[in-house]
Amino acid sequence: MNPVDIDRPSTWVPWREGICRGCHGGCCMMPVEVLKEDLVGLGLATEDEPQKKTSQRLTRAGVVKSWRASTGLFQLEQQADRSCVFLDPSTRLCTVYEKRPGVCRKFPREMGPRLGYCPRACSHFG
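FYI, my numbering numbers position 32 of the sequence shown as 32, with every residue one higher than the one before it.
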């Protein structure tokens with residue numbers, strides 16, 4: 001069996017209930033794009049703050065990598081190993097799990113490059 005390659009969805013494994021247990025955050029190694037409402041839910045922005053200002057402030061804080069005005073999407077910063085800024089490097093668990101963005105809640109069943117499949121990481125990265 002060929003190993004899972006995060007950059008090649010054709011190598012991903014079928015998602016099933018419970019598959020995330022024991023995984024080391026393969027999906028958290030992909031770029032994560034969130035909406036302003038996700039940043040508000042995380043307590044990182046307010047609804048009345050202009051998106052451009054939110055982007056500038058959170059970029060300086062090391063949370064946001066970029067913002068596209070045309071779509072309103074903010075790309076979260078990634079750590080040196082490509083993992084999400086909110087993934088704990090030691091435990092490989094999400095530090096904002098209860099407040100995680102919508103895209104993270106919906107992946108891979110409703111969102112992602114290959115619906116119903118995940119880039120399960122069976123060994124520790126880094």
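We treat Cβ as the ideally placed atom computed from N, Cα and C, and that holds for glycine.
Bear in mind the structure is a predicted one, so any value in this text is a computation, not a measurement.
- Cβ neighbours of P14 within its own chain (closer than 7 Å, five residues either side excluded): G116, Y117.
- Of A80, P101, R82, the smallest CA-CA separation from G43 is found for P101.
- Around the CB of D38, 16 or more other CB atoms lie within 10 Å, so the residue is classed as buried.
- Counting along the chain, L58 sits inside the alpha helix (DSSP H) bounded by residues 51-60.
- Boundaries of the beta strand (DSSP E) harbouring K65: 64-68, taken from the DSSP string.
- Considered as a whole, the stretch 69-99 harbours 73-76 as its complete beta strand (DSSP E) runs of no fewer than 3 residues, in chain order.
- When rounded, the separation of the alpha-carbon atoms in G18 and T46 is 34 Å.
- Of C84, A121, T95, the smallest CA-CA separation from V32 is found for C84.
- Taking 8 Å as the cut-off, the Cβ atoms of R92 and W12 do not count as close.
- The C-alpha of R16 is placed about 18 Å away from the C-alpha of D5.
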